[in-house]
Amino acid sequence: MNTIKQVWAREIIDSRGVPTIETACQLDNGQTAVSSVPSGSSTGSHEATELRDKDTKRFNGLGVLQAVENVNKILNAAVVGMDPTDQSGIDMKMIALDGTENKSRLGGNALLSVSMVVAKVAAVVQQISLYNWINTLARAKEILVTPKIPTPVFNMINGGKHGAGNLDFQEFQVVPASNKTYTQGLQAGVEIYAQITSYSLGRDVLLGLDVAANEFFNNSEYTIRDKTSPLNEFRMMEFYKEINDRYKLALLEDPFNEDSWESWKQITAAFSDQLVIVGDDLLVTNPKRLDRAIKEKSCNAILVKPNQIGTVTQTLDVVKMAKDAGWKINVSHRSGETNDWFIADFAVGVASDYVKFGAPARGERVAKYNRLLSINTELQVKE
Numbered sequence: 092m093n094t095i096k097q098v099w100a101r102e103i104i105d106s107r108g109v110p111t112i113e114t115a116c117q118l119d120n121g122q123t124a125v126s127s128v129p130s131g132s133s134t135g136s137h138e139a140t141e142l143r144d145k146d147t148k149r150f151n152g153l154g155v156l157q158a159v160e161n162v163n164k165i166l167n168a169a170v171v172g173m174d175p176t177d178q179s180g181i182d183m184k185m186i187a188l189d190g191t192e193n194k195s196r197l198g199g200n201a202l203l204s205v206s207m208v209v210a211k212v213a214a215v216v217q218q219i220s221l222y223n224w225i226n227t228l229a230r231a232k233e234i235l236v237t238p239k240i241p242t243p244v245f246n247m248i249n250g251g252k253h254g255a256g257n258l259d260f261q262e263f264q265v266v267p268a269s270n271k272t273y274t275q276g277l278q279a280g281v282e283i284y285a286q287i288t289s290y291s292l293g294r295d296v297l298l299g300l301d302v303a304a305n306e307f308f309n310n311s312e313y314t315i316r317d318k319t320s321p322l323n324e325f326r327m328m329e330f331y332k333e334i335n336d337r338y339k340l341a342l343l344e345d346p347f348n349e350d351s352w353e354s355w356k357q358i359t360a361a362f363s364d365q366l367v368i369v370g371d372d373l374l375v376t377n378p379k380r381l382d383r384a385i386k387e388k389s390c391n392a393i394l395v396k397p398n399q400i401g402t403v404t405q406t407l408d409v410v411k412m413a414k415d416a417g418w419k420i421n422v423s424h425r426s427g428e429t430n431d432w433f434i435a436d437f438a439v440g441v442a443s444d445y446v447k448f449g450a451p452a453r454g455e456r457v458a459k460y461n462r463l464l465s466i467n468t469e470l471q472v473k474e
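Adding 91 to a residue's 1-based position in the sequence shown gives its number in my numbering.
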């Protein structure tokens, strides 16, 4: 049995120029792997804590040197000598060391960086692709799926915290029709983004929206700049009905505030047979919130972001809960990304229905789409 010899981390920069963590793992036989974690700008209040230094003399307080130190001193000492294929054991040990519900002591970013790199090095030592190892971990949790390529959801126009400030809704998305292969869907996304050619809405591609309603919710109302007055929850529901009647949406993400549970129930009851209602800020990849949403039928899909919960094992637990409930899975990037393509393999390994990696441009997004192309080729060869 090969064991972990050392894990060590350093501070790097993400796609927004904001510090994040890169962590390496070396086994006693010399094999290594490296992973880096993303961070979000539009975040739910119930997410795992992203530990920042708050030293205004460095990176406007956004440095992660404390999280790096937590990896190098505390988490390294905890996992040295452990079997890298014991993903659950390693993750549970780190969670116990942190000792907080939201990972605020050691940092969700610190824990996730170790959790991800352990999964990567476990695949290396077994000489299998990461998505196959993720699938093995999933099957151990009775997520009995075969690896498959998800449908890409492309962010074509960004608003809210992701945009220039002139649009309230956060993402305007293009979703390839279900009869498209991954390569055909990627081509459609690239060509639409580059305005090379035209596609038929409803036949070739569908529309999706990430509203991120948290960002313009205040005093029980939603302030949208092209409306003459703020909208209450009932009027927001009517607004979504107008949009869907006109554009026949495929996906609607975060239509209400993260704690407006009753409105989520109502919109799911009204639209679940027409489109996919995706919970992101509502659920934050958290099993407790997901359990409530399943019981209350608050949506019918979950946006899965490993850094919202902080470990690979807990992310798999959430995927199992959602799949057991018959929900759709959408594995997602964050606005602050790196060139790490871990989530592409994760999505394939758990047979996610969708992936959301951003527009088909910029290296940190393209790395993930290209990784899916490579996996797609592997899967076709196996057939």
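Using N, Cα and C, we set each Cβ at its ideal position, and we do this for glycine too.
Taking C-beta atoms as the reference points, GLY131 and SER426 count as a pair closer than 8 Å.
Scanning the region 223 to 275 from its first residue to its last, the whole beta strand (DSSP E) runs of 3-plus residues come out as 245 to 249 and 262 to 267. Between VAL375 and ARG143, the alpha-carbon positions lie close to 19 Å from each other. Rounded to whole angstroms, the gap between the alpha carbons of ARG101 and ARG196 is 18 Å. Using a Cβ distance threshold of 8 Å, GLY440 and TYR222 count as a contacting pair.
Comparing C-alpha distances from VAL296 to each of ASN467, LEU340 and PHE330 shows the shortest one belongs to LEU340. Linking GLY454 to PRO110 through their CA atoms gives a straight-line distance of about 17 Å.
Counted as a single uninterrupted DSSP element, the beta strand (DSSP E) harbouring PRO110 occupies residues 110 to 118.
Cβ atoms of GLN217 and TRP224 come within 8 Å of each other, at about 7 Å. Within a 10 Å sphere around the beta-carbon of VAL410 sit 16 or more other beta-carbons, which makes this residue buried.
For GLY190, the CB contacts under 7 Å within the same chain, skipping 5 residues up- and downstream, are ARG196 in chain order. Around the CB of SER106, 16 or more other CB atoms lie within 10 Å, so the residue is classed as buried.
Excluding sequence positions up to five before and after LEU188, its CB lies within less than 6 Å of the CB of ALA169, all in the same chain and listed in chain order.
GLN264 is classed as buried because its beta carbon has at least 16 other beta carbons within 10 Å across all chains shown.
For ILE234, the closest C-alpha among the options ALA279, VAL472 and GLY417 is that of GLY417. Apart from sequence neighbours up to five positions away, the residues of its chain that approach ILE400 with a beta-carbon distance below 7 Å are ALA139, THR376, ASN377, THR406 and VAL409, ordered along the chain. The alpha-carbon of GLN178 is positioned some 38 Å away from that of ILE358. Bounds of the alpha helix (DSSP H) holding SER354 are 352 to 362. Considered as a whole, the region 146 to 203 harbours 156 to 160, 167 to 170 and 178 to 189 as its complete alpha helix (DSSP H) runs of no fewer than 4 residues, in chain order. Sequence-distant partners of TYR331 (beyond 5 residues in either direction) whose C-beta falls short of 8 Å from its own C-beta, in its chain, are LEU343, PRO346, ILE358 and PHE362.
Taking the C-beta atoms as reference points, TYR273 is found nearer than 8 Å to ILE240. Taking PRO129 as reference, the option from GLY180, VAL302 and GLY108 with the minimal CA-CA separation is GLY108. Between ALA158 and ALA201, the beta carbon gap of about 4 Å places them in contact (Cβ cut-off 8 Å).
Where ARG101 is concerned, the enclosing beta strand (DSSP E) starts and stops at 95 to 104.
Using a 10 angstroms sphere on the CB of SER389, the tally of other CB atoms reaches 16 or more, which defines it as buried. The three-state secondary structure of PHE330, taken from DSSP, is helix.
VAL205 is not a Cβ neighbour of LEU258, given a cutoff of 8 Å. Going by C-alpha positions, ALA458 is about 25 Å away from VAL369. Per the coordinates, the alpha-carbon of VAL208 lies some 9 Å from the alpha-carbon of THR123.
Beta-bridge partners of SER426 (DSSP): none assigned.
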